[in-house]
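Structure, as structure tokens:
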Amino acid sequence: MDNKERICSRCRKNIATEEICPTCISELLELHNYRIGWAMALEIEREEREGENISIEIQ
């Protein structure tokens with residue numbers, strides 16, 4: 016991983032040295048009561064978001 020600053024992949028607003036910015040890391044840890052790491056919390060959030068985008072057609 017390079018040390019270049021980039022845009023946060025979660026909020027797309029803040030500068031991040033990791034995949035996501037410190038603000039988003041704090042939010043993820045707080046949402047999950049610090050029981051899991053921020054990377055796992057981010058993965059859970061992404062999967063939940065993908066699940067919301069699935070539409071089911073009943074025939």
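If you count by this note's numbering, then the sequence shown holds residues 16 to 74, one letter each, in order.
Even for Gly, the Cβ is constructed at its ideal location relative to N, Cα and C.
In the same chain as Pro37, and ignoring 5 residues on each side of it, no C-beta atom comes closer than 7 Å to its own. Within the same chain, Cβ atoms closer than 8 Å to the Cβ of Ile22 are found at Lys28, Asn29, Ile30, Ala31, the five residues on either side in sequence being excluded. In this structure, the straight-line span from the alpha carbon of Cys39 to that of Glu65 is close to 19 Å.
Nearest to Glu33 by alpha-carbon distance, out of Glu45, Glu20, Met55, is Glu20.
Apart from sequence neighbours up to five positions away, no residue of its chain approaches Glu42 with a beta-carbon distance below 6 Å.
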